[in-house]
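Number of protein chains: 2
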Amino acid sequence: MPRKANITTQNLTDHALKHFWENGFHASSMDDLVKSTGATRHAIYGAFGGKKQMFLPCFQRYQDLVVSPAFTQVEQTDATLEQVATYFEAQINRAEETGLPGPGCFVANSATEVAPHDREVLAKVEEHNARLKRGFLNALRNETPSTHQLSTKDLELLAGVLVVFTNGLWSTSRLTQDGDFLRASTRQFLETIRTRISGP
Amino acid sequence: MPRKANITTQNLTDHALKHFWENGFHASSMDDLVKSTGATRHAIYGAFGGKKQMFLPCFQRYQDLVVSPAFTQVEQTDATLEQVATYFEAQINRAEETGLPGPGCFVANSATEVAPHDREVLAKVEEHNARLKRGFLNALRNETPSTHQLSTKDLELLAGVLVVFTNGLWSTSRLTQDGDFLRASTRQFLETIRTRISGP
DNA sequence: TAAATATCAGAATGAACGTTCTGAATTAAA
DNA sequence: TTTAATTCAGAACGTTCATTCTGATATTTA
Numbered sequence: 005m006p007r008k009a010n011i012t013t014q015n016l017t018d019h020a021l022k023h024f025w026e027n028g029f030h031a032s033s034m035d036d037l038v039k040s041t042g043a044t045r046h047a048i049y050g051a052f053g054g055k056k057q058m059f060l061p062c063f064q065r066y067q068d069l070v071v072s073p074a075f076t077q078v079e080q081t082d083a084t085l086e087q088v089a090t091y092f093e094a095q096i097n098r099a100e101e102t103g104l105p106g107p108g109c110f111v112a113n114s115a116t117e118v119a120p121h122d123r124e125v126l127a128k129v130e131e132h133n134a135r136l137k138r139g140f141l142n143a144l145r146n147e148t149p150s151t152h153q154l155s156t157k158d159l160e161l162l163a164g165v166l167v168v169f170t171n172g173l174w175s176t177s178r179l180t181q182d183g184d185f186l187r188a189s190t191r192q193f194l195e196t197i198r199t200r201i202s203g204p
Numbered sequence: 005m006p007r008k009a010n011i012t013t014q015n016l017t018d019h020a021l022k023h024f025w026e027n028g029f030h031a032s033s034m035d036d037l038v039k040s041t042g043a044t045r046h047a048i049y050g051a052f053g054g055k056k057q058m059f060l061p062c063f064q065r066y067q068d069l070v071v072s073p074a075f076t077q078v079e080q081t082d083a084t085l086e087q088v089a090t091y092f093e094a095q096i097n098r099a100e101e102t103g104l105p106g107p108g109c110f111v112a113n114s115a116t117e118v119a120p121h122d123r124e125v126l127a128k129v130e131e132h133n134a135r136l137k138r139g140f141l142n143a144l145r146n147e148t149p150s151t152h153q154l155s156t157k158d159l160e161l162l163a164g165v166l167v168v169f170t171n172g173l174w175s176t177s178r179l180t181q182d183g184d185f186l187r188a189s190t191r192q193f194l195e196t197i198r199t200r201i202s203g204p
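These protein sequence lines are chains L and Y, in that order.
Numbered according to my numbering, the first sequence spans residues 5 to 204.
Numbered according to my numbering, the second sequence spans residues 5 to 204.
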C-alpha cells in the first residue's frame, strides 16, 4: 500500500548541509531548502519535523563528509604534527577549490551563530572541538621527545591552542580570498608549535 | 521653533552597540532596538535611516569604548609581548566580569555573521584586523633581537597568526564559561610565540 | 482494474519583520 | 497665548518567514 519513497533522508541531509553551510541557519529559509533539496515541504516536515530538526543531523553528515576523511590520519596512533599539517593543507585546498572567501567550517559557523542560543547545537559543537583537541594532543605527544620539559598540562593546553587557532582560521577563510595566506599562516603557526615542542 | 532633542545620536549608538553585540545583527529586531535605546522609531529612523545604517557607526563606537582603551598600549613604540599579554588579560577579565560564555568580540561576530554578505561591514572588519596586525607586528619587532634569524616576512606572518588566534579566542569565549581556560590558553600561546622568537 | 495510500505542487495561515504613517502631546518662538 | 515645529507612542503597511493544509497525481496492493 505505501508508496516507495524516492528521496532518502540522507539525500535530504546532504542538500540541507550544503545550504546551511553556505548560508547559515537563520538566512536559510524553508523556501530555499525546498528548492535546494528538490523535496516538497511535506517530505521535509515528514522526515524531520522542522527546520531545527533538519539542522541537527547535518553535524553528523559534516563529520562523515568533511571532517573524518581528513582528520582520521591525525587520530592514528603514530600521527605527528606532519599529519596535522596535511590536515590543514587538505582543508585549505578544499576551501580554495570551493572558492575563497568561502563558507569556512560548518561547525565553526554554528559555534558563533547558533550555539550560544541553543543547547543542542552547543553540545554538537563542543563534541566536535573535543574531537579536534584529542587528535591534536595525540599528534603533539608523538612529536614530543619523552625526555622533554613540557608537562602533560602544557601539552593539553597546546592542543587547546591548536583548536583555537583552527577556529580562527575558518573565520579568516570567510573574509580572505588569498589561500596562500591561509597556508603560510598555518605553516608559520605549526613551525612555532614545533619550535616550542623541540625545546628552545 | 525646533524642540530640543534629549537623546543624542551617540547615546543611541551606545545602546545599539550593546544590543547588536549581545544578539547579533539579524536577531536584533527594530522592536528590540526601540526598547533598548528608549527612543522612538521616529527618532531612530530620523537619526540613522534604518537598521543597517544604525549598525555601521557601532564599529567606531566599539573601537572607542572597547578596543582602543586596551590596545593602544600595544601600539606604543616601545611595546613588547608583555603589552600584548596585558591586552589579552584585560579583554578576558572584561569578558569574565560581563559573564561567560559571553558575546565575545563585536567585530569578530560581525566578521562571520554579516561581513561575508556585506561589503561595508567587510571593510570595517578588515580595518580592525589590520589594526590588530600592525600592533602585534610592532610588539613582535620590539621583542625580537635584531640579530635574529627570523625574517621580516616571518614576523609579519607571526603577526597574522596572532590575529587568527585572537579571533579564535573570541569564538571560544562564546562557548566556554571557564575564564581561566582562556587565560591559560593565551599564556601558553604567547609563551610559544616567545620561544619561537627568542630562537630554539 | 479498483481501492487504498503516499506523494506531489502550491495555496493558506498566523506570526514577526523593517519601515512608514497618524494624530496627540510637547516645546519654543511670535 | 497663539502658532509652528518637533517629538511622542503606537497603529498600519507590505513582506517574509516557518508551518500546516488541500486537492490532485502517482503508486502499490488486492
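Just so you know, even glycine gets a beta-carbon here, dropped at the ideal spot from N, CA and C.
For Y/C62, the enclosing alpha helix (DSSP H) covers residues 61-66. For L/L162, the nearest CB of chain Y lies under 8 Å from its own CB, placing it at the interface with that chain. Per DSSP, the unbroken alpha helix (DSSP H) holding L/G183 starts and ends at 183-202. Residue state for Y/G42 is assigned as coil, using DSSP reduced to three classes. When DSSP states are grouped into helix, strand and coil, L/R178 belongs to the coil group.
Going by DSSP, Y/H19 is part of the alpha helix (DSSP H) stretching over 13-27.
Three or more beta-carbon pairs separated by less than 8 Å link the stretch 168-176 of chain Y to the stretch 105-117 of chain Y, which places the two stretches in contact. According to the DSSP assignment, Y/V78 belongs to no alpha helix (DSSP H), since it is labelled neither H nor E. Scanning its chain for C-beta atoms nearer than 7 Å, with the 5 sequence neighbours on each side dropped, one finds around Y/V129 the residues V111, S114, A115, A119, in chain order.
For Y/G139, the enclosing alpha helix (DSSP H) begins and ends at 123-147.
In terms of Cα proximity to Y/W25, the closest of Y/I48, Y/V70, Y/T76, Y/L159 is Y/V70. In terms of CA proximity to Y/Q57, Y/E124 leads the group Y/E93, Y/E124, Y/V165, Y/F193.
Each residue's CA atom was taken as its position, placing L/S40 and L/N27 some 12 Å apart. Note on Y/P107: 16 or more other CB atoms within 10 angstroms of its CB, so buried under the neighbour-count rule. Shown in chain order are the members of the stretch 115-126 of chain L whose Cβ falls below 9 Å from a Cβ of chain Y: A115, T116, E117, A119, P120, H121, L126. Short of 8 Å from the beta carbon of Y/L60, and not among the five residues preceding or following it, lie these beta carbons of its own chain, in chain order: E124, V125, K128.
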